[in-house]
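Since the structure comes first, as structure tokens, the remarks are kept for the end.
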Amino acid sequence: MRPHEVAEVFRVHVRTVSRWALVGNLSCVRTPGDERRFSREQVEYVKNGGAWGPRKVGARRTVRPERVDGGV
Numbered sequence: 001m002r003p004h005e006v007a008e009v010f011r012v013h014v015r016t017v018s019r020w021a022l023v024g025n026l027s028c029v030r031t032p033g034d035e036r037r038f039s040r041e042q043v044e045y046v047k048n049g050g051a052w053g054p055r056k057v058g059a060r061r062t063v064r065p066e067r068v069d070g071g072v
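For the sequence shown, UniProt numbering gives the first residue as 1, with consecutive numbering after it.
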């Protein structure tokens, strides 16, 4: 699937799909013209509640605390 098709499935901007590919949430292959292509099977799997991948089991994401002091 092309990035704009994936964006339509998830109702997000095409740049969001590109970001997901960069961080590894959705795997893709690159065409000789350096365009991304996504597996329809993986997109449907994630859309239907499947896990984003590839992430290691138990992997943690960094959570940054919000600023509460109102400072600059």
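Backbone N, C-alpha and C fix where the C-beta goes; we use that ideal spot for every residue, glycine too.
For this session: Hey, could you find the ends of the beta strand (DSSP E) residue 96 is sitting in?
Result: The chain is shown from 1 up to 72; residue 96 falls before or after that span and cannot be answered.
Exercise. Who are R30's beta bridge partners in DSSP?
Worked result: Beta-bridge pairing links R30 to R36.
Exercise. How many Å lie between Q42 and G33 at the Cα?
Worked result: Going by the C-alpha atoms only, they are around 22 Å apart.
Exercise. Short check: CB of V17 to CB of V29, under 7 Å?
Worked result: No, the Cβ-Cβ distance between V17 and V29 is not below 7 Å.
Exercise. In the structure shown, what three-state DSSP assignment does K56 receive?
Worked result: Because K56 carries a pLDDT of 46, less than 50, the predicted location of this residue cannot be relied on, and the following value inherits that uncertainty. Note: K56 maps to coil in three-state DSSP.
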